[in-house]
Amino acid sequence: MPVRFCEDKDLPAVVELINQLSEASGIQKEFQLSHFWKLFNTMIDHPDMYANFVYDSDGKVTGFISIVFYKTFFHRVGTAQVNELVVDKNYRGQGIGHALMKAAEEEARRRNMDELEVGTENENHLAQKFYRKYGFNEEYVLFGMEFE
């Protein structure tokens, strides 16, 4: 199966994908591998809170999805939230994003979560179209406050 859990050997490719996501989002930020090692190790230490999958195209990582699982008093069991979803710009339109979303949905269902959520930048109309096509609907408005 081309979708599998992310491993430490995948991190250099994941950094490249996240940098593509950053560029597509209009964010002038370049991410470094050293930051990813530290964060990935934290995620590995908390498997109840995080899951990361990659799409493996014959040994090349061409897609990545990161999910966080959290509890609230409002939801019976919990919520799964897609934090990042990115497909290599040279591999888009081949069903990779759909396969990664399916893996996230299956993992959320396996954990008996109440829902799967995703957010995107207001200007990212392609991502919004993708999520609607996958079956998401707009439930609420998400506000953000960035700290420098």
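Just so we're aligned, residue 226 is where the sequence shown starts under our numbering, counting upward by one.
The beta carbon of each residue, even a glycine, is placed where N, CA and C say it ideally should be.
Helix or strand or just coil, what does DSSP make of L367?
Looking up residue 367 in the sequence shown gives position 142. It is coil, neither helix nor strand.
Could you give the distance in angstroms between the alpha-carbon of R334 and the alpha-carbon of N266?
Start at 1 with the first residue of the sequence shown, and residue 334 comes out as number 109. Start at 1 with the first residue of the sequence shown, and residue 266 comes out as number 41. If I take the Cα positions, the gap works out to 24 angstroms.
Considering only their Cβ atoms, is the gap separating F294 from M338 smaller than 8 angstroms?
Working through the sequence shown from its first residue, we reach residue 338 at position 113. Working through the sequence shown from its first residue, we reach residue 294 at position 69. Yes; because the gap between Cβ atoms is below 8 angstroms, this pair is in contact.
Report the three-state DSSP secondary structure of K295 (helix, strand or coil).
Looking up residue 295 in the sequence shown gives position 70. Residue identity differs from the one stated: residue 295 is Tyr in this sequence, not Lys. Here Y295 sits in strand by DSSP.
Out of A305, W262, V228, which one is the CA nearest neighbour of D273?
The residue you call residue 273 lines up with position 48 of the sequence shown. Out of A305, W262, V228, A305 has the C-alpha closest to the C-alpha of D273.
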